[in-house]
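Chemist:
In this note's numbering, the protein residues as written are 80 to 548.
If you want it as structure tokens, here you go:
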């Protein structure tokens with residue numbers, strides 16, 4: 080896992096984890112390919128044949144010609160496969176098969192919300208159905224593109240927006256393009272990384288709505304270039320720089336986009352803002368934030384970490400990203416807090432990525448607490464999920480903790496404290512000495528303010544969250 084770093088609303092983090100691209104290639108088996116199409120039955124074969132009566136492909140009930148258009152002309156394709164093709168138990172029952180006869184017409188319904196074009200849809204994989212008899216058919220009402228590239232923490236704290244979008248557009252296909260596809264919940268059916276192939280597809284696809292919540296050039300250029308009838312958030316001006324979208328939206332949405340635009344330009348305007356990040360992005364999209372939660376996917380399987388089951392587990396996330404040293408809590412303070420928590424009878428586990436490995440090894444030895452190493456993202460999420468309280472600076476781990484519903488002790492010095500939505504499960508601690516490095520990645524002061532955020536205050540916050548005196 081990569082260490083966290085800030086961005087977006089200046090409080091996000093960065094992370095990486097291995098994972099398959101949801102739009103990546105899927106095996107179709109030997110011979111199951113025609114003009115690059117994959118995803119047929121593993122033993123199926125499509126070959127052009129003249130004068131052979133085989134399976135006919137129908138779009139909307141009309142024959143499909145070899146040039147990709149509906150009609151009666153063009154080539155027919157013989158669909159070769161075994162006499163009996165095994166299908167899922169959802170159709171024929173456990174252990175049974177559905178007979179697939181030569182010469183049957185194969186109907187394709189590309190207007191279905193589940194249709195993916197180049198690979199089997201979920202209902203076919205789950206139930207074994209074809210379009211003609213699919214009980215899951217839902218007509219796609221349109222397409223929405225959500226652009227939230229980074230940083231990692233900002234991607235996670237944009238996920239509450241999925242709830243009102245789904246409520247308003249239940250039958251629209253949502254595509255989310257991001258630098259961190261591994262952090263987007265799988266309930267989003269179309270998750271795209273920023274790759275040349277995906278950008279090519281985006282340029283050639285028309286969307287009914289484009290929502291861009293990033294202000295950097297790449298995101299704004301993409302928002303401006305994609306074909307759409309309506310844009311929300313931010314786009315590119317004629318000078319090649321960010322502009323808030325103020326046309327084609329309500330006055331309230333335009334005002335919210337302008338305000339968010341200004342908070343990114345002027346520190347004093349940002350410091351005067353009293354809205355949380357979810358409140359800001361909801362207002363830009365024309366919604367009211369009502370406590371919608373982060374959405375974080377839990378891994379299906381995690382190792383047996385061997386943590387205590389009979390007492391609270393406290394996770395101490397000791398990093399803050401390599402370039403954001405202004406947010407780092409002193410190592411001596413982490414040691415003092417770990418020892419105090421241990422002495423109070425808590426199970427203490429140190430958390431971090433590769434950048435924190437040496438520090439955490441030292442702390443584990445000095446404070447006599449657990450450090451299990453650093454992991455890929457799913458395993459790291461699984462480890463955090465076994466904690467009752469997470470203590471951390473503003474990093475990706477903070478957002479993961481909130482998404483997992485954990486109690487949180489949050490250290491903050493350089494960000495506007497109003498931007499954090501803790502859902503009533505967190506305590507925000509700031510140093511006694513006022514920070515003079517607003518949004519700065521490096522401390523510019525003679526005395527480091529984080530030295531004055533005392534371990535005793537962190538211990539009291541943990542006890543308060545757990546209802547202990």
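Built from N, CA and C at the ideal position, the CB exists for glycine as well. Quantities reported herein were computed from a predicted structural model and do not represent experimental measurements.
#1: Name the two residues that bound the continuous beta strand (DSSP E) containing residue 508.
#2: Let me make sure I understand the geometry here. Which of 430, 374, 188 has the alpha-carbon closest to that of residue 449?
#3: Does the separation of the CB atoms of residue 446 and residue 406 fall below 8 Å?
#4: Where does residue 255 fall in DSSP's three states?
#5: Do you know whose CA, among 291, 222, 267, 297, lies nearest residue 275's CA?
#6: According to DSSP, is residue 360 helix, strand or coil?
#7: Taking only three categories from DSSP, how would you classify residue 323?
#8: Hey, quick one: how far does the beta strand (DSSP E) through residue 314 stretch, first residue to last?
#9: Kindly indicate which residue of 453, 391, 330 has the alpha-carbon position closest to the one of residue 363.
#10: Cβ atoms of residue 267 and residue 241: under 8 Å apart, would you say?
#11: Which parts of the segment 414-469 are runs of the beta strand (DSSP E), unbroken and 3 residues or longer, counting only runs that do not cross its ends?
#12: On the DSSP bridge list, what partners appear for residue 472?
#13: Which class does residue 544 belong to by DSSP, given the choice of helix, strand or coil?
#14: What would DSSP say about residue 195, mapped onto helix, strand or coil?
#15: What residue from 262, 269, 246 has the CA that sits closest to residue 253's CA?
#16: Based on the DSSP secondary-structure assignment, which residues constitute the bridge partners of residue 269?
#17: Could you give the DSSP three-state label for residue 222: helix, strand or coil?
#18: Anyone know if the C-beta pair for residue 305 and residue 289 falls short of 8 Å?
#19: Name the two residues that bound the continuous beta strand (DSSP E) containing residue 394.
#20: Please classify residue 279: is it buried, with 16 or more other beta-carbons within 10 angstroms of its beta-carbon, or exposed?
#21: According to DSSP, which residues form a beta bridge with residue 289?
#22: Assign residue 365 to one of three DSSP states: helix, strand, or coil.
#23: Counting pairs of Cβ atoms below 8 Å between the segment 244-258 and the segment 379-395, do you hit three or more?
#24: Indicate whether the contact test is met: 3 or more Cβ pairs, each with one atom in the segment 504-519 and one in the segment 483-490, closer than 8 Å.
Modeler: According to the structure data:
#1: 505-508
#2: 430
#3: no
#4: strand
#5: 297
#6: helix
#7: strand
#8: 310-315
#9: 330
#10: yes
#11: 426-430
#12: 490
#13: helix
#14: coil
#15: 269
#16: 254
#17: strand
#18: yes
#19: 392-396
#20: exposed
#21: 224, 310
#22: coil
#23: no
#24: yes
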